[in-house]
Amino acid sequence: MLGPQAGGAAMAMQASISHVMHHPLGVFSMLVAISAAVPPLIRRLGLPDLVGLLAAGVVVGPHALNWVDSSSETVRLLSDLGAVYLLFTMGLEIDLEEFNRVKRRSFIYGLLILLIGVGTGVSIGLMAGFASVSCLLLGALMATHTPLGYPIVRSYGAQKDESVVVSVGSTIFTDIVALLLLAVGLGLGQGSLSGLGLGLLLLKIGGFALVVVIGIRWLGRRLVLRGISDENRMVLAVLVALFLASLGAELAGVEKIVGAFLAGLAVNSVLPEGRVKEQVIFVGGVLFIPIFFIDLGLLLDLGSLGDSLGNFQFTALMLVGAIGGKGLASWVSGRLFGYRRAQILMMWSLTMPKVAATLATAFIGYQAGLLNQTVLNSVLAVMVVTATLGPILTEQSVTRLKDPSPDAVPVSFGEEAAVLDGVNEVVQRPLRIVVPVANPSTEKGLLSMAARLVQGSSGAEGVLLPLAMVNPSLEEMRGGLNRAVAAARGRLSTAESIGAQLAVPTRSLLRLDEDIAGGMSRTALEQARICC
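Here our numbering is used: position 141 in the sequence shown is 1208, and no number is missing along the way.
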């Protein structure tokens, strides 16, 4: 009697576990648990978090323990959120002033990646005897990349290094052009693309980019400067911009990650540094982005990878083209820009991984019958190697960036590579420094420090901007709004006297705002707009 009862209990337990594993809450709990437990363990081995998340995805995936299925609606939704969040975070954290300064370099680096990648893919396709359209799709997927190592760079605080900015900036150019090639290839393969259709597609994509960048910046300025002061509502507004831009990208005929990156750039231009930006980045970095990496592991079928090794020559050509092509583009660009070896290695490591856009191109081409199973298996093998090797090299290069001794000599490159004694010359401009004054005991010290910054900017004529903040609702509750305004004006008068003593141009600012911290941020943003 005990045997059948024990067997029934075991079957019931197994059924319960299966139900939990396929329930959306069960799947979500499993993914969150992996995201929390794996990174600390993998760090003990000296490997990046991303490698551990990929390996964990393989272990719990349908080709191993079969605890989580990549085709689950829950996994697909969370993974899509992670992919768009990854590109959105890149655009949100990029130093726009630095990006504008090096945008020509980003374009040149992206153009080299595109030419080498497309040329390599087309050549491999011709050697394998593929049709012209299939060769074009191979070129498109060889040109794309996803900077998987960016979270590692951010964890070291090196995201503002020029090599990182150039690498991330090149992503938007290469992915947009490569995905445009995908659209053209699909149209040619299906016989549905004409000259007029191509022109309409280009017009639609260009219009989408303008709407995202200009529209989000226009709305964002009004929300930041006049409207929303509540941080929670601001975070929700940023998320709405992200998801609408991602959805609009697919409606325009490009991948959603392109729309997410554009949304990140647009939000970055209007959202000041502070808790709102930190909260937005935190949500993605802790929750959605790790699940995206886990999902990549779920997609890996070790049996299919073994099949791809059976056609070793084609897979080897794909690997050499993917790794060597990005390495060649990085070396040529790095030497041209006068970067150190660590910076060249950083560029190579960030542009090596082939994940989101590459997989999208391969799967879409496979579903359309333009790419065969051999290509799909080889792409999976390339993804495993590059997604593992890239973050490891990023970890190595980001530590070398801290070395102050240069290992390459800067060379002249137009107006962007002006050098002075072997160090890139920094363009100076007048400083406008906002100094909140609230405590008379610290007012003079703060203004003196700011004055030294203004006077030290290569002689540029800057302005010292003492700011006095008053919360009208709070002061009315205290019964002394007029008294508070008078006290603020008194502090500003003292600040102007201190500025005159320090021989620094001074202009006082008085602001009434319900949110003191938000009012300071909005004042700084307004002064930046006046300056620029």
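The beta carbon of each residue, even a glycine, is placed where N, CA and C say it ideally should be. This structure is a prediction, so every number in the text was calculated from the model and none was measured.
For Leu1179, the uninterrupted alpha helix (DSSP H) run begins and ends at Lys1170 to Met1194, by DSSP. By the beta-carbon neighbour count (other beta carbons within 10 angstroms, threshold 16), Leu1314 is exposed.
Taking the Cα positions, Asn1299 is about 14 angstroms away from Leu1338.
For Pro1218, the uninterrupted alpha helix (DSSP H) run begins and ends at Tyr1217 to Ser1222, by DSSP. Considering only Val1449, Leu1576 and Arg1556, the residue with the shortest C-alpha distance to Thr1211 is Val1449. Residue burial is scored here from C-beta neighbours: Phe1379 has fewer than 16 other C-beta atoms within 10 angstroms and is therefore classed as exposed. Counting other Cβ atoms within 10 Å of its Cβ, Thr1141 reaches 16 or more and is therefore classed as buried. Boundaries of the alpha helix (DSSP H) harbouring Ala1150: Glu1140 to Glu1160, taken from the DSSP string. According to the DSSP secondary-structure assignment, Thr1573 is paired through a beta bridge with Leu1531. Around the beta carbon of Glu1317, fewer than 16 other beta carbons lie within 10 angstroms, which makes this residue exposed. In the three-state reduction of the DSSP assignment, Pro1507 falls in the helix class. The C-beta separation of Val1502 from Leu1534 comes to about 7 angstroms, placing the pair in contact by the 8 angstroms criterion.
Comparing alpha-carbon positions, the option among Gly1266, Val1552, Val1307 and Val1302 lying closest to Val1279 turns out to be Val1307.
If you compare the alpha carbons of Thr1418, Gly1401 and Asn1444 with that of Ile1411, the shortest gap goes to Gly1401. For Asp1368, there is no enclosing alpha helix (DSSP H), as DSSP marks it with neither H nor E. Excluding its 5 nearest sequence neighbours in each direction, Met1536 has C-beta neighbours in its own chain below 6 angstroms: Arg1578, Ile1583 and Gly1586, listed in chain order. Contact between the segment 1155-1171 and the segment 1117-1125 is absent, with fewer than three C-beta pairs closer than 8 angstroms. Exposure of Asn1506 is indicated by the presence of fewer than 16 other C-beta atoms within 10 angstroms of its C-beta. Under the three-state reduction of DSSP output, Arg1284 falls in the helix class. The straight-line gap separating the alpha-carbon atoms of Phe1328 and Leu1267 is approximately 23 angstroms. Val1235 is positioned such that its CB atom lies no closer than 8 angstroms to that of Tyr1223.
Around the beta carbon of Thr1382, a 10 Å sphere encloses 16 or more other beta carbons of the protein chains shown; the residue is thus reported as buried. In the assembly as shown, Phe1349 is an exposed residue. Its beta-carbon has fewer than 16 other beta-carbons within 10 Å. In the pairwise beta carbon analysis, the segment 1176-1192 is classified as not touching the segment 1347-1362: fewer than three pairs are separated by under 8 angstroms. Here Leu1579 carries a strand assignment [DSSP, helix/strand/coil].
With respect to Leu1208, Thr1425 sits close: the two C-beta atoms are nearer than 8 angstroms. Nearest to Gly1093 by C-alpha distance, out of Arg1284, Ala1104, Trp1134 and Val1233, is Trp1134.
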